[in-house]
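Single-structure report; data block below.
Written as structure tokens, this is what we have:
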């Protein structure tokens, strides 16, 4: 390999290292649920925009689906952390928890400063819905080891080029 190619590879490897060290940005809020049995733990809550009909398969897999009380717990814990994306009434994301007939969905939504909205909307009405996944437990041991190996490899490559 030519010296020019090695230098380019070295620059590219520094870029990848810098990108790996940057925190991952996502529009998610972590909340902690306690006192709810198997639902206890840390959850990353994001949003999905669309109608219930379009998002049905995703919304029906949410932890609070068919559990109004749990939807209230999640909505209360989230509060206005993701803002009030359902404009017009200034509601937080909808926590859909059950269908109502064949054309409506029951939902809970937070409305600042401390009000919970419990209602149903048409399945064809577009809104911003809450979507939650269990937060991943960070693997600090292997992540740190892998980072250390990368730093040593970069130092070694720089020494060879230097």
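Residue numbers (the working numbering): 5 to 166. Glycine included, C-beta positions come from ideal geometry on N, C-alpha and C. From a predicted model like this one, the values you see are computed outputs, not experimental measurements.
- Message: Please report the straight-line C-alpha distance between residue 66 and residue 136, rounded to a whole angstrom.
- Response: 7 Å
- Secondary structure of residue 70, DSSP reduced to three states: coil
- Message: Relative to the C-alpha of residue 35, which candidate in 59, 108, 61, 86 has its C-alpha closest?
- Response: 86
- residue 77 - DSSP class collapsed to helix/strand/coil: helix
- Item | Supposed close pair residue 132, residue 97 - CB separation, criterion 8 Å | 5 Å
- Message: Among the candidates 39, 46, 100, 31, whose CA atom is the shortest distance from the CA of residue 141?
- Response: 46
- Given a cut-off of 8 Å, decide if residue 75 and residue 112 are closer than it, judged by their beta-carbon atoms. yes
- Message: In whole angstroms, give me the CA-to-CA distance for residue 139 and residue 56.
- Response: Residue 139 and residue 56 have their C-alpha atoms spaced approximately 25 Å apart.
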